[in-house]
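Positions 39 to 324 (our numbering) are the ones given, in order, by the sequence shown. Take a look at the structure set out below.
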Amino acid sequence: MNATAQGARTVEAFRLRGRRVREADRAVGCAYRAGRRTLALRTVLFPVTEFAHALPMVLILLVGGAAYLDGKVGLGVVVTGSLYMRRLVDPLDRAPTWVEQVQRSSASLARVKGVGLVAGAPATDVRQPADDRIGVRGVRYAYPSGAHDVLRDANLTGCPGERLALVGTSGAGKSTLGKLLSGVDVPSSGSVLAGGVPVAELAAADELGNRIVLITQEHHVFMGTLRDNLTAATPDADDDALRTALALVEADWAGALPDGLDILLGTGGVHLDAAQAQQLTWPGWS
Ligand SMILES: Nc1ncnc2c1ncn2[C@@H]1O[C@H](COP(=O)(O)OP(=O)(O)OP(=O)(O)O)[C@@H](O)[C@H]1O
Ligand SMILES: [Mg+2]
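Now the structure itself:
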């Protein structure tokens, strides 16, 4: 639904409104039914666990109370017994929370370990690209979780100075091709080359960043200053280099910001009032 709202213009353009509404209704219905089902389970589970925790204490108090009234045990014994029982029940009460934490941690650990598996060993002997051409030769690619090929027999040649626009319907595989070109992923078969050398080889040797840069649809702003955000890519860049980079993407309005490159971005940043925002002019803003 979020994607539909964000891509509302595409949805309208492709007359997908009815389909997206039906899809959203189905997803909401599914979430509603799942919510009701888990609520029903919780209304049974919670009273049962509460009862199971209270039962031993009730038994101790009943049996201990009867024994005390008969004069078989002292009051201290009954109180001590009930306190021990409380100490015993408390950890049992917390055990499900620990199990949940262990499950979450295992999932996170699996992700971290997965990153290590994907990265592969850095290449030691890397060939130097002959020129700045990029080539896609008979590439086939399927996501590990996907059932079908996203790209099949894809071919492309890009020469220096050329500007290529890849156009296609949503889901056609444009971003996927971008990921392959930037060495983020490797094709299932075929090859993606920069100057005749496979980009995956260059990426493994940290050589690719100087030749191919992927700018994704999603943008991330890290908490910190504008300078911190820019130097995340090139730590040793000086202020002149950062200003040149900003000018290149027509963001030289950043120079007019209060504090310039030291302005804080993200939560806790400076909120521009309307007058300040108006002073900043950028063609992309309207
Ligand atoms: N991480 C992923 N795992 C599994 N399938 C994926 C993944 N990312 C994309 N896909 C699938 O691969 C296909 C191509 O997706 P891709 O993002 O490359 O399309 P696109 O042409 O860039 O679309 P858009 O114009 O919406 O950006 C789609 O069917 C999509 O559902
Ligand atoms: Mg895309």
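Yeah, the Cβ is synthetic: ideal placement off N, Cα and C, and Gly gets one too. Only a predicted model underlies this, so the values are computations on that prediction, with no experimental measurement involved.
On the criterion of 16 or more Cβ atoms from any shown chain inside 10 Å, does residue 167 qualify as buried, or is it exposed? Here residue 167 corresponds to residue number 129 of the sequence shown, with the count starting at 1. Taking all protein chains shown into account, residue 167 has 16 or more neighbouring C-beta atoms within 10 Å of its C-beta and is therefore buried.
For residue 41, which beta-bridge partners are listed by DSSP? Within the sequence shown, numbered from 1, the residue matching residue 41 stands at position 3. Checking the DSSP bridge columns, you'll see residue 41 has no partner listed.
Residues near residue 54 in its chain [Cβ-Cβ closer than 6 Å; skip 5 each side]: The count along the sequence shown starts at 1 and reaches residue 54 at position 16. Nothing meets the Cβ criterion.
With distance defined between alpha-carbon atoms, name the residue in 232, 193 and 178 nearest to residue 186. Here residue 186 refers to the residue found at position 148 when the sequence shown is read from its first residue. Measuring from the Cα of residue 186, the nearest candidate turns out to be 178.
At the level of alpha carbons, what is the spacing between residue 300 and residue 163? Against the sequence shown, residue 300 aligns to sequence position 262. Against the sequence shown, residue 163 aligns to sequence position 125. Rounded to the nearest angstrom, the two C-alpha atoms are 41 Å apart.
Where does residue 70 sit, in a helix, a strand or coil, going by DSSP? On the sequence shown, residue 70 is found 32 positions in, with the first residue counted as 1. Residue 70 falls in the helix class under three-state DSSP.
Cβ neighbours of residue 298 in the same chain (closer than 8 Å, five flanking residues each side left out): One-based indexing of the sequence shown puts residue 298 at position 260. Setting aside the 5 residues that flank it on each side, residue 298 is surrounded in the same chain by 264 and 292, each with a C-beta closer than 8 Å to its C-beta; the list follows chain order.
Just the C-alpha distance for residue 94 and residue 123, rounded to the nearest angstrom, thanks. If you number the sequence shown from 1, residue 94 lands on position 56. If you number the sequence shown from 1, residue 123 lands on position 85. Approximately 7 Å between the Cα atoms of the pair.
Would you mind stating whether residue 253 and residue 237 have Cβ atoms separated by less than 8 Å? Counting from one through the sequence shown, the residue named residue 253 turns up at place 215. Counting from one through the sequence shown, the residue named residue 237 turns up at place 199. Taking 8 Å as the Cβ cut-off, residue 253 and residue 237 do not qualify as a contacting pair.
Any beta carbon from chain B within less than 8 Å of residue 292's own beta carbon? Structure shown: chain B not included; a single protein chain is present.
Please go through the same chain and pick out, in chain order, the residues whose beta-carbon is closer than 8 Å to the beta-carbon of residue 272, but skip the five residues on each side of it. As a first step, residue 272 is located in the sequence shown; it is residue number 234 there, counting from the start. So the qualifying residues of the chain are 279.
Identify whether residue 134 lies in helix, strand or coil by the three-state DSSP scheme. For the purposes of this step, residue 134 is taken as residue 96 along the sequence shown, with counting starting at 1. In the displayed model, residue 134 falls within a helix according to three-state DSSP.
Beta strand (DSSP E) segments (min. 3 residues) lying fully within the region 185-258: For the region 185-258, the full-length beta strand (DSSP E) segments reaching 3 residues or more read 189-196 and 227-232 along the chain.
Going along the chain, which residues of its own chain have a beta-carbon closer than 8 Å to the beta-carbon of residue 270, five neighbours each way excluded? Taking the first residue of the sequence shown as 1, we reach residue 270 at position 232. So the list reads 260, once near-sequence residues are dropped.
Using 7 Å as the cut-off, classify the Cβ of residue 213 as near or not near the heavy atoms of ligand 2, replying yes or no. Position 175 of the sequence shown, counting from 1, holds the residue named residue 213. At a threshold of 7 Å, residue 213 counts as near ligand 2, since its beta carbon sits closer than that to one of the ligand's heavy atoms.
Give me the residue from 188, 184, 220 and 171 with the minimum Cα distance to residue 346. Lying outside 39 to 324, the shown extent of the chain, residue 346 is not represented and no answer is given.
Taking 8 Å as the cut-off, decide whether the C-beta atoms of residue 175 and residue 233 are in contact. If you number the sequence shown from 1, residue 175 lands on position 137. If you number the sequence shown from 1, residue 233 lands on position 195. No, the Cβ-Cβ distance between residue 175 and residue 233 is not below 8 Å.
In whole angstroms, what separates the C-alpha of residue 222 from that of residue 235? Residue numbering aside, residue 222 sits at position 184 when the sequence shown is read from its first letter. Residue numbering aside, residue 235 sits at position 197 when the sequence shown is read from its first letter. Between the alpha carbons of residue 222 and residue 235 lies a gap of roughly 15 Å.
For residue 172: DSSP bridge partner residues: The residue labelled residue 172 in the question sits at position 134 within the sequence shown. 196 and 232, per the DSSP bridge assignment.
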